[in-house]
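According to full-length UniProt numbering, the sequence shown is numbered sequentially starting from 1.
We put the CB at the ideal spot given by N, CA and C, even for glycine.
Below is one structure, written out as structure tokens, with a few remarks after it.
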Amino acid sequence: MESGLGVPSLGLELPPFLIALNLLVTRTCKMDWRSLGSALLFPVQMLYYLLKAGARLLLPTRLRDLSADVVLITGGGRGIGRHLALEFAKQGAKKVILWGRTEKCLKETCETIRGMGTECNYFLCDVGNREEVYQQAKVLREKVGDVTILVNNAAVVHGRSLMDSDDDALLKTQHINTLGQFWTTKAFLPRMLELQNGHVVCINSVLSLSAIPGAIDYCTSKAASFAFMESLTLGLLSCPGVSTTTVLPFHTNTEMFQGMKVRFPNLFPPLKPETVARRTVEAVRTNTAILYLPWTMHVLIFLKSQEEEWSERKRCGRDGGSSRKWDILQVLDFSACGIPCHYRDTLGKVVHDVDGPRL
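So, in structure tokens, the structure goes:
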């Protein structure tokens with residue numbers, strides 16, 4: 001017998017390294033010369049990342065001093081947003097501002113941060129509402145001051161297949177997850193450029209690069225969000241003092257996908273929200289443009305780059321029809337959440353609608 005990833009099942013749990021090696025060897029045997037070249041380049045890429053990590057250990061990057069920064073976190077009341085707020089306060093931010101739609105969560109997080117000795121304020125704001133964003137941004141500047149670090153974290157998911165989705169719910173996901181970043185960035189970026197001091201952060205998802213069925217609204221919004229950040233980053237290259245960070249985490253243990261299981265958890269372990277928060281703040285302080293969490297996501301991104309070739313081989317029958325596309329669906333098991341993985345499934349339901357927790 002074989003497992004879902006083509007790994008022989010002998011009743012024993014193989015080490016993560018052997019699982020990854022088996023995947024790479026199996027796929028390499030079915031590649032043409034062009035794809036084989038990409039596969040051979042992969043170890044070089046991994047060596048580059050290892051050398052880069054070693055260089056950072058020997059020659060640490062100068063960290064950004066947060067003592068003068070005003071940090072705004074959307075969806076800051078719970079989930080990853082709450083932990084981001086706590087981590088920025090812990091690492092010395094001057095002020096932490098929370099935006100969200102649930103006052104109880106915002107108030108609790110705000111009180112916790114104040115107890116740490118950091119000034120904190122919260123405002124009720126739906127980032128999907130353009131007029132509300134602009135109005136609250138004006139109020140924030142008058143009461144608190146200029147925002148120097150903007151963290152676009154708020155997100156929702158409508159867990160249904162396309163044909164079973166409510167149109168209004170689909171629009172809501174796009175308004176919050178995608179357009180919300182347009183409105184918040186437009187509201188605060190001009191002043192950052194004037195001050196020549198600012199940082200725009202996006203808490204995205206690996207699903208922006210490797211979509212899955214059953215969360216079509218979320219994957220689409222995150223792909224658009226990734227393109228937004230990529231374009232924004234390129235546009236800011238000639239702007240001194242203003243930078244960006246895009247964070248691409250794997251499944252994080254938050255409310256949004258309760259009950260979801262991860263196949264091969266030793267190779268692809270679910271992330272803790274506090275880990276995502278800590279690594280995100282570190283990325284801001286070291287001016288890191290893109291952060292994959294965990295590091296094994298680099299492997300998934302490489303395999304995803306070969307997906308088109310494998311799909312073409314399967315359609316043309318060049319591999320006897322045995323080729324299987326590699327995607328995150330083979331790592332994540334959504335059946336426990338009741339999220340439909342194919343259009344033949346009819347278990348669609350709204351999983352959670354929250355400010356912050358995400359896949």
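- In terms of Cβ geometry, T185 and V200 form a close pair [threshold 7 Å].
- Non-local beta-carbon contacts of I149 in its own chain, meaning distances under 6 Å to residues more than five positions away in sequence, involve D69, V71, H199 in chain order.
- With fewer than 16 other Cβ atoms inside 10 Å of its own Cβ, E194 counts as exposed.
- Excluding the 5 residues flanking it on each side, I290 has same chain C-beta neighbours closer than 6 Å at T246, in chain order.
- Judged by their CB atoms, T275 and N152 are not nearer to each other than the 7 Å cut-off.
- Within the region 182 to 257, the runs of beta strand (DSSP E) at least 3 residues long that lie entirely inside it are, in chain order, 198 to 203, 242 to 249.
- When Y218, C125, T233 are compared, the shortest CA-CA separation from T288 is found for T233.
- Here F226 has N204, S208 as same chain residues with Cβ atoms under 6 Å from its own Cβ, once five neighbours each way along the sequence are excluded.
- Ranking F250, P273, R278 by CA distance to the CA of P294 puts F250 first.
- By the Cβ criterion, the region 211 to 231 is not in contact with the region 100 to 116, since fewer than three pairs of Cβ atoms, one from each stretch, lie closer than 8 Å.
- Straight across, the Cα-Cα distance linking K95 with K52 is about 33 Å.
- Its Cα nearest to that of G81, the residue A155 stands out among A137, G92, A155.
- For I113, the uninterrupted alpha helix (DSSP H) run begins and ends at 103 to 115, by DSSP.
- In the structure shown, the three-state DSSP call for F88 is helix.
- For K172, the enclosing alpha helix (DSSP H) has its first and last residue at 167 to 174.
- The Cβ neighbour count for S221, taken over all protein chains shown within 10 Å, is at least 16; the residue is labelled buried.
- The beta-carbon distance between G128 and H158, rounded to whole angstroms, is 13 Å. This is too long to meet the 8 Å contact definition.
- By the neighbour-count criterion, in which a residue is buried when 16 or more other Cβ atoms sit within 10 angstroms of its Cβ, Q181 is buried.
- The C-alpha of L84 lies about 31 Å from the C-alpha of S161.
- Distances from the alpha-carbon of R191 to those of V281, Q91, K138 put K138 closest.
- According to DSSP, residue pairing for E119 in a beta bridge involves K95.
- Assigned with DSSP and collapsed to three states, L51 falls in helix.
- F88 and R278 have their C-alpha atoms some 8 Å from each other.
- Residue nearest to L124 within the set G76, L50, A223, S210 is G76 (criterion: CA-CA distance).
- Partner residues in the beta bridge of N152, as assigned by DSSP, are C202.
- In the structure shown, G81 adopts helical secondary structure according to DSSP, grouped into three states.
- Approximately 7 Å separates the beta-carbon atoms of R64 and V284; this is inside 8 Å, confirming the contact.
- In the three-state DSSP reduction, V44 falls in the helix class (H, G or I).
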